[in-house]
Amino acid sequence: MSSQALSLYRRTAWSALLAAALLALSQVVQAHPHGWVDYRVEVRFDDQGRVVALREVWRMDPFYSLTLIEEMEAAGTDEDGRLKLDQDITETLAAGRYLTHLYAGDVDAGPELGQGEVDEVHVEREGSRILVSFELPLAEPLRPTEQRPLRYQIFDSSYYIEFLHDPDDVAISLIDAPEGCESRVIPADPDPSLVAQAAMIDVDGQAPEGLGRFFTDTGEILCSAD
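Residues -31 to -1, 1 to 195 (mature numbering (1 follows the signal peptide of the UniProt record, and there is no 0)) make up the sequence shown, in order.
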């Protein structure tokens, strides 16, 4: 990715990437959000019934996908372009903790859980869309219970980009989970005043820090007692 695009960092580096894409495409948009990501999550368990990692697959919106595809083609072969994007996006997402927030229990009460290191970020093309995928380990394995479920939120703090569970795919998959485990998506329910506030922020406006959290789904995973 060019230094010119990287210099457009906004509230978060990831927001800047999409901002550059939208500006390059000369799209006129007025209210937040200005782009979106459809995502799904695979929750991986170990042989002790503990969650050890979340594998996330993000499907970028058509505008940003087109810009990434053009960058891949400009870099030469598709493979060369993909490797370059892998590196750029890995550095960008790592700086923003992969826009992923993990909790044991109440997302409003408890501190966030620690994250491990992501080994690799994959970028691939699926038709006219770009997929970004990675596996995010928990710093420490967690046994989710009814009293202390694992909850996660994925969002851009500035709400420049909207993150939604993919409506055309399975939102949450439990991999190697013991019997009695289940998942659900808790839809966002923002206050009408926040909706109105977001609608008044134009493409060059600055959103209040943390606005995106109020517009994001919450994924929940819990397992019943043996």
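For glycine and all other residues, C-beta sits at the position ideal for the given N, C-alpha and C.
| message | Taking its Cβ as the centre, do 16 or more other Cβ atoms sit within 10 Å of Glu115, making it buried, or is it exposed? | response | By one-based count along the sequence shown, residue 115 stands at place 146. By the beta-carbon neighbour count (other beta carbons within 10 angstroms, threshold 16), Glu115 is exposed.
| request: Would you please state the rounded distance, in angstroms, between the beta carbons of Arg120 and Arg19? I believe it to be under 8 Å. | output: Your numbering for residue 120 matches position 151 in the sequence shown. Your numbering for residue 19 matches position 50 in the sequence shown. No, Arg120 and Arg19 are not in contact; Cβ-Cβ is about 16 Å, not under 8 Å.
| So the beta strand (DSSP E) Phe103 belongs to, where does it begin and stop? | Position 134 of the sequence shown holds residue 103. Arg98 to Leu111 is the span of the beta strand (DSSP E), which, as asked, contains Phe103.
| request: Return the CA-CA distance between Arg117 and Gly149, expressed in angstroms with no decimal places. | output: The count along the sequence shown starts at 1 and reaches residue 117 at position 148. The count along the sequence shown starts at 1 and reaches residue 149 at position 180. Going by the C-alpha atoms only, they are around 15 Å apart.
| query | To the nearest whole angstrom, what separates the beta carbons of Phe183 and Ala165, a pair I think is in contact under 8 Å? | reply | Taking the sequence shown and counting its residues from 1, the one referred to as residue 183 is at position 214. Taking the sequence shown and counting its residues from 1, the one referred to as residue 165 is at position 196. With 8 Å as the limit, Phe183 and Ala165 do not qualify as a contact, their Cβ atoms being about 12 Å apart.
| Between the Cα of Glu40 and the Cα atoms of Ser162, Asp57 and Leu68, which residue gives the shortest distance? | Counting from 1 along the sequence shown, the entry for residue 40 is found at position 71. That would be Asp57, whose Cα lies nearest to the Cα of Glu40.
| Straight-line Cα distance separating Leu62 from Arg94 | As a first step, residue 94 must be located in the sequence shown, where it is residue number 125. As a first step, residue 62 must be located in the sequence shown, where it is residue number 93. Arg94 and Leu62: Cα-Cα distance of roughly 19 Å.
| task | For Met41, write down the residues that DSSP places opposite it in a beta bridge. | result | Within the sequence shown, residue 41 is the residue found at index 72, counting from 1. Note: Met41 sits in no beta bridge, so no partner.
| Going by C-alpha distance, which of Asp75, Glu151, Phe132 and Ala146 is nearest Thr69? | The residue given as residue 69 occupies position 100 in the sequence shown. Thr69 has its Cα closest to that of Phe132, out of Asp75, Glu151, Phe132 and Ala146.
| With 16 other Cβ atoms within 10 Å as the buried cut-off, status of Arg28 | Reading the sequence shown from its first residue, position 59 is the one you call residue 28. Result: buried.
| request: Less than 8 Å between the CB atoms is what I'm expecting for Ser34 and Arg98, so what's the real figure, rounded? | output: Locating residue 34 in the sequence shown gives position 65, where the first residue counts as 1. Locating residue 98 in the sequence shown gives position 129, where the first residue counts as 1. Contact between Ser34 and Arg98 holds, since their C-beta atoms are separated by about 5 Å, short of 8 Å.
| message | Between the alpha carbons of Gly96 and Ala194, how many angstroms are there, rounded? | response | The residue labelled residue 96 in the question sits at position 127 within the sequence shown. The residue labelled residue 194 in the question sits at position 225 within the sequence shown. Distance between the alpha carbons of Gly96 and Ala194 is about 43 Å.
| request: Give the straight-line distance between the Cα atoms of Trp5 and Lys53, rounded to the nearest whole angstrom. | output: Within the sequence shown, residue 5 is the residue found at index 36, counting from 1. Within the sequence shown, residue 53 is the residue found at index 84, counting from 1. Approximately 23 Å, taken between the alpha carbons.
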